[in-house]
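Residues in the sequence shown are numbered from 4 upward in steps of one, following this note's numbering.
Working notes for the structure below.
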Amino acid sequence: MDSRGTIYFKVTKFSSIKDIIIPFFAKYPLKSNKNLDLLDFSEITRLMENKSHLTLDGLNIIKQIRNKMNTNRK
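Have a look at this one:
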C-alpha cells in the first residue's frame, strides 16, 4: 500500500486474470467507461483462453478489440 492508500496487485499468471481479477470486477463492477474496457479485456481473455491468439484471424480480432479500448473508445 502506498502513502495514498492505494493497493497494488501484481499479476504473474494468466490464471490470476481469469480466476481473480475478472470475477472480482464482475462482482464489483466499475461505474464508469472503464467498465466497457473491462468487458473488452474479458473478451480478449476468453479468446486467449481458447487459444484464438495463436491464429492470424484470432489475433486480428484481439487487435480490433484492443484498438477500441481506453482513449480510442467512442
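We put the CB at the ideal spot given by N, CA and C, even for glycine.
Problem set entry | Within 9 Å, strictly: CB atoms of I65 and L50 | yes
Exercise. Can you tell me whether I47 is buried or exposed, with buried defined as 16 or more other CB within 10 angstroms of its CB?
Worked result: Buried is the label assigned to I47, since at least 16 other Cβ atoms lie within 10 Å of its Cβ.
Exercise. Roughly how many angstroms separate the alpha carbons of I68 and G8, rounded to a whole number?
Worked result: 32 Å
For this session: Identify whether M51 lies in helix, strand or coil by the three-state DSSP scheme.
Result: helix
For this session: Please state if the CB of I25 and the CB of S45 are separated by a distance shorter than 9 Å.
Result: Result yes, Cβ atoms of S45 and I25 sit closer than 9 Å.
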